[in-house]
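Residue numbers (the UniProt record's numbering): 1 to 487.
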């Protein structure tokens, strides 16, 4: 019997992919159909996502998938990064390209917002960590600036919701991505109507919430004409990319945490209920919706963005390093010499990342890294120390020891960072799968189709299908003597 094929559109903040998941019984094979890079564009001082380039690449990928897999394709679903959104007018037409979260319009929005609703009350209502890039502060900034699209808006769609609407014409808000807005109540699993009202945001923007696994129906006729995908359903996965990645964590039992490692690092645990304690608030943890009604207690940490931006600058300077070359240079540099706070706001969108890292080292009283390898080693070791701090906080919040760290996503292929994480945290690390987000997207579609029974079986499929790498702590390196630099 031919394997069933599920298509995952996986959109990250620096690149996108269309992948095919071929499920044959309890074995899943992932095949890349189309991959592309993308980045926001600056226009009149505002940073926008190139929405129509993204859409053209999605259509191209779906068309290629149809040519390869034909009638075996069951469904397609989209996952993407959190917090960003598009707006439809009251007739259901797109108003403008979405603004990118690294845009400067939200600077200073914390203070203005907390003057209306105190910080503690926002956390009590939503359980979400405080980042000025959150949808809440983007909306407040747009409102303050008199944004014409917001004035005319009838619906808000988060990025994956927007692409599901482009595919089907159905405007719906999926729970896991809605939970990144800081306008979602994790206890009721609905919009926080009280907070929306107190912040004077238009309630009509926030539509019906749907759970992962919901079918939105068939593709629009024009999409079928463009791609050839007749008879294919659109099934919503855990459309926040981290929700899909966590579904693909190949874990068993309970004493584990995940680290989704890519442009951002997201480290956390699955919890049965939101954790809204004073410690969770003080440590700026977040409670986001997961698949199957779970709660993801996690911490957002700046991730491989630090190294990606160094790569970009060095490429412009005529040194086009690949990841393997950078890892080799970093491995040759002196260990534990220069450390920074990876979550310093000045690293969110600097013009020159290597210069910013060197500047922060000097400011923190650390030796300034003098080579490209030393800069990369500083970034990776600082990330590993941040992971140790977050692990300790997770254990406090959970009330029990965490025995193993699962690293998924692109960072699972960075052996140097995986080993540093094992050493710094003094825990074994199991690395893989790399394509966790797309795999989780496919698995949710397969659960919806009845091809996989539940989350536990989905994770068993990952364990059977993917080669995983073990990293054990190296006790010869004394990471315990090094204190993390926290902003």
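Positions of the beta carbon are idealized from the N, C-alpha and C atoms, including for glycine.
Just measuring C-alpha positions, the residue of 446, 377, 386 and 466 sitting nearest residue 414 is 377. Residue 218 has 233 as its beta-bridge partners, per DSSP. Per DSSP, residue 288 is one residue of the beta strand (DSSP E) stretching across 286-289. Residues of the same chain with a CB within less than 8 Å of the CB of residue 290, apart from the 5 flanking positions on each side, are 176, 238, 243, 246, 247, 270 and 296 in chain order. If you look at residue 137, you'll find it isn't in any beta strand (DSSP E); it sits in the alpha helix (DSSP H) that goes 135-144. Fewer than three pairs of CB atoms, one per stretch, sit closer than 8 Å, so the segment 422-430 makes no contact with the segment 316-333. Looking at the backbone, the Cα of residue 74 and that of residue 464 are separated by about 22 Å. Only buried fits residue 251, as 16 or more other CB atoms lie within 10 angstroms of its CB.
Comparing C-alpha distances from residue 385 to each of 14, 44, 350 and 480 shows the shortest one belongs to 480.
Taking residue 89 as reference, the option from 257, 306 and 204 with the minimal CA-CA separation is 204. In the structure shown, residue 359 falls within a helical segment according to DSSP collapsed to helix, strand and coil. For residue 322, the three-state secondary structure derived from DSSP is coil. Apart from sequence neighbours up to five positions away, the residues of its chain that approach residue 149 with a beta-carbon distance below 6 Å are 87, 95 and 96, ordered along the chain.
Residue 411 places its beta carbon less than 8 Å from that of residue 261. Judged by DSSP secondary structure, residue 347 falls outside any beta strand (DSSP E); it is assigned neither H nor E. Residue range 372-398 is occupied by the alpha helix (DSSP H) that includes residue 386. Sequence-distant partners of residue 201 (beyond 5 residues in either direction) whose C-beta falls short of 7 Å from its own C-beta, in its chain, are 139. Nearest Cα to residue 49 within the set 169, 448 and 162: 162. Residue 192 sits close to residue 126, with the two beta carbons spaced by under 8 Å. In the DSSP secondary-structure assignment, residue 481 is not bridged to any residue.
Between residue 285 and residue 298 the beta-carbon gap is near 7 Å, inside 8 Å, which marks them as a contact.
Exclusion of the five residues before and after residue 24 leaves 3 as the residues of its chain whose Cβ lies within less than 6 Å of its Cβ. DSSP, read as helix, strand or coil, puts residue 130 in coil.
An exposed status is given to residue 43, since fewer than 16 other beta-carbon atoms sit within 10 Å of its beta-carbon.
Here residue 101 is near residue 83, since their CB atoms are less than 8 Å apart. If you look at residue 465, you'll find it in the alpha helix (DSSP H) that goes 455-465. Counting only the Cα atoms, residue 326 lies some 21 Å from residue 13. At a Cβ-Cβ threshold of 8 Å, residue 21 and residue 442 count as neighbours.
Per the C-alpha coordinates, the member of 157, 71 and 448 positioned closest to residue 80 is 157.
Fully enclosed beta strand (DSSP E) runs of no fewer than 3 residues occupy 153-158 of the segment 142-213, in order along the chain. Taking all protein chains shown into account, residue 419 has 16 or more neighbouring C-beta atoms within 10 Å of its C-beta and is therefore buried. Residue 339 places its beta carbon less than 8 Å from that of residue 382.
For residue 84, there is no enclosing alpha helix (DSSP H), since its DSSP letter is neither H nor E. When the beta-carbon positions are compared, residue 207 and residue 155 come within less than 8 Å of each other.
Pairing residue 397 with residue 294 gives a Cβ-Cβ distance that is not under 8 Å. Judged by DSSP secondary structure, residue 60 falls within the alpha helix (DSSP H) whose first and last residues are 51-69.
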